[in-house]
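Student: Shown below is the structure under consideration.
Numbering (full-length UniProt numbering), first residue to last: 1 to 396.
Here it is, written out as C-alpha cells:
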C-alpha cells in the first residue's frame, strides 16, 4: 500500500497571494527569514491580507539559512505564548522548514527533538493550528512536502524531519515572489528541484501517481532553468511551478543518496557550508553513475533521457547522455563540478579526508538512503564522496 498526500488547497499563478484574504481564524504567527520579503513588500502584503481576513498577526522574523534547533525552539515559545490558530510562513525553504518544526513544538511542548528525528514519528498535528506555506524560491518545494531540514550546529549535522503531518494545509505558489531571486540562488534552488524530480523518479517508492509529476518537472526544469537564471521571467514563473511539481513527487516517492550526502556534508566542515542545492548539483552526476549499476535504475534514467529527447540507443548510452545534460546545465549555471573547487576551495582537503569515514557513515544512516535504488555501505559511500571531492570517475 502506498500513500499520496498533498496540501488541502494549492493556490498558484499571478495574484495567488491574495488567497490569504480567505483564511478563517483568529490569530496568525507569520514566520519569515532575513529581510528580503520585507524589503520587497511581500511581508506587508501577507500581514495586510491576513488582517483583512480578520486575524490578529504576530511576526517571528530572522530565521537564518539552514535553520537551527535553537531558532525552532524560540519560535515555538513565541507561539505557545501567542496561541495562534494559523502558522503562516513566507520565504525560502529555511523559514518554512523552521516553521514546520516550530508547529510540532507549539502543539506538543514536551516532545523532544530526538523524537521528531525518527522518520514518520510526529504526533498528530492540527490540535491548535493549521499551516500555510508561501515559497519565495523555486527549489525546496517545502510548501507541498512532508519534510523539514533542521541543523544541529553543535553536532554539525542536518536532520531531515519526515512526517505527513507537516504537509501544509495551504500552499501559495505565486510567481511574482520568485522574481526577486538573485541568479546564484536561482541556480542552486533550481538544481535542487531537478535532483528532487530525478531522485523521486528512480526511488524504490515511486508509483503511478508520482512518476508523471517527476517526469514533467524534469522536462520543465531542463527547458527553463538556465533561461530563468539568465533573467527570463516567463521561465522563472514556469520554474516556480516545476519545483512544486517535483515536490509533490518526492514528498510521496521520497529521495535517494544525493540528498543523504548533501544533508551530511552541508554543515560538516569548518571552512563554510556547502549550500544544499549546489551540493545536489555536484553530487547528482556521480550518484546517477553509481545507481546505474542497478538494472532497474539504469532503465529509469534512460526513460528520463528519452523524455528529454537525448540521444542514445542503450540504457547505458542514455544514462550517460542524462549525466552529460546535468553537467552541461551545471556549467551554464556556474556551479562547481566538485567539492574541491566549490566557492574557490573553501572546504579544506585534509579536513574532508579526516572526516570522510564519519560523514560517510552518517550519510548511509540518513533517512533518504532507504529509498535509493541501489544499496550502499559506508565504504562505498566514502568512495563516492571522495569522487565528488576530486571529480573522480565512479566505476564501482
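Here a beta-carbon is modelled for each residue, glycine too, at the ideal position from N, C-alpha and C.
Quick check: the region 24–34 against the region 60–79, are there 3 or more CB pairs under 8 Å?
Tutor: The region 24–34 vs the region 60–79: in contact.
Student: Residue 118 by DSSP, collapsed to three states: which one?
Tutor: One-based indexing of the chain shown puts residue 118 at position 118. Three-state DSSP puts residue 118 in coil, outside helix and strand.
Student: If you compare alpha carbons, which of 172, 162, 116 is closest to residue 131?
Tutor: By 1-based counting over the chain shown, the position of residue 131 is 131. Checking every option, the nearest Cα to that of residue 131 belongs to 172.
Student: Taking just the CA atoms, how far does residue 324 sit from residue 221?
Tutor: Counting from one through the chain shown, the residue named residue 221 turns up at place 221. Counting from one through the chain shown, the residue named residue 324 turns up at place 324. Distance between the alpha carbons of residue 221 and residue 324 is about 15 Å.
Student: For residue 15 and residue 46, what's the separation of their Cα atoms in angstroms?
Tutor: Position 15 of the chain shown, counting from 1, holds the residue named residue 15. Position 46 of the chain shown, counting from 1, holds the residue named residue 46. Going from the Cα of residue 15 to the Cα of residue 46 covers about 12 Å.
Student: Excluding the 5 residues preceding and the 5 following residue 228 in the sequence, name in chain order all residues of the same chain whose CB lies nearer than 7 Å to its CB.
Tutor: Reading the chain shown from its first residue, position 228 is the one you call residue 228. If we look at residue 228 and ignore the five residues flanking it on each side, its Cβ neighbours are 186, 190, 235, 236, 239.
Student: Which word fits residue 244, buried or exposed, when buried means at least 16 other C-beta atoms lie within 10 angstroms of its C-beta?
Tutor: Taking the chain shown and counting its residues from 1, the one referred to as residue 244 is at position 244. So residue 244 ends up on the buried side.
Student: If we ignore side chains and look at the alpha-carbon of each, how far apart do residue 371 and residue 27 end up?
Tutor: One-based indexing of the chain shown puts residue 371 at position 371. One-based indexing of the chain shown puts residue 27 at position 27. Residue 371 and residue 27: Cα-Cα distance of roughly 39 Å.
Student: How close, in whole Å, do the beta carbons of residue 57 and residue 78 come, if the pair is a contact with beta carbons under 8 Å?
Tutor: Position 57 of the chain shown holds residue 57. Position 78 of the chain shown holds residue 78. So it is not a contact: roughly 13 Å between Cβ atoms.
Student: If residue 256 sits next to residue 368, beta carbons under 8 Å apart, how far is it from one beta carbon to the other, in whole angstroms?
Tutor: Here residue 256 refers to the residue found at position 256 when the chain shown is read from its first residue. Here residue 368 refers to the residue found at position 368 when the chain shown is read from its first residue. That belief holds up - the Cβ atoms of residue 256 and residue 368 are roughly 6 Å apart, short of 8 Å.
Student: Might you give, ordered along the chain, the residues of its own chain that have their beta carbon closer than 8 Å to the beta carbon of residue 180, omitting 5 neighbours on each side?
Tutor: Along the chain shown, read from residue 1 onward, the residue named residue 180 stands at position 180. Here the set comprises 36, 40, 136.
Student: Leaving out five residues before and five after residue 108 in sequence, what residues of the same chain have Cβ atoms less than 7 Å from its Cβ?
Tutor: Walking along the chain shown from the start, residue 108 turns up at place 108. Excluding positions up to five away in sequence, the list reads 123.
Student: For residue 339, which of 361, 391, 317 has the nearest alpha-carbon?
Tutor: The residue labelled residue 339 in the question sits at position 339 within the chain shown. Measuring from the Cα of residue 339, the nearest candidate turns out to be 391.
Student: Are there three or more Cβ pairs, one per stretch, closer than 8 Å when the region 146–164 is compared with the region 190–203?
Tutor: Contact fails: fewer than three Cβ-Cβ distances are below 8 Å.
Student: Ignoring anything shorter than 4 residues, give me the alpha helix (DSSP H) runs that lie fully in the region 149–198, in order along the chain.
Tutor: Counting only runs of 4 or more, we get 175–178.
Student: Could you check whether residue 150 and residue 97 sit closer than 8 Å to each other, using their CB atoms as the reference points?
Tutor: Within the chain shown, residue 97 is the residue found at index 97, counting from 1. Within the chain shown, residue 150 is the residue found at index 150, counting from 1. For residue 97 and residue 150, yes; Cβs fall inside 8 Å.
Student: So if DSSP puts residue 91 in a beta bridge, which residue, or which two residues, is it bridged to?
Tutor: Taking the first residue of the chain shown as 1, we reach residue 91 at position 91. Residue 91 pairs with 135.
Student: Can you name the residues that DSSP bridges to residue 147?
Tutor: Your numbering for residue 147 matches position 147 in the chain shown. DSSP, once it has assigned bridges, lists 162 as partnering residue 147.
Student: Excluding the 5 residues preceding and the 5 following residue 377 in the sequence, name in chain order all residues of the same chain whose CB lies nearer than 7 Å to its CB.
Tutor: Against the chain shown, residue 377 aligns to sequence position 377. The answer, listed in chain order, is 364.
Student: Strictly by DSSP, which residues pair up with residue 56?
Tutor: Working through the chain shown from its first residue, we reach residue 56 at position 56. DSSP, once it has assigned bridges, lists 27 as partnering residue 56.
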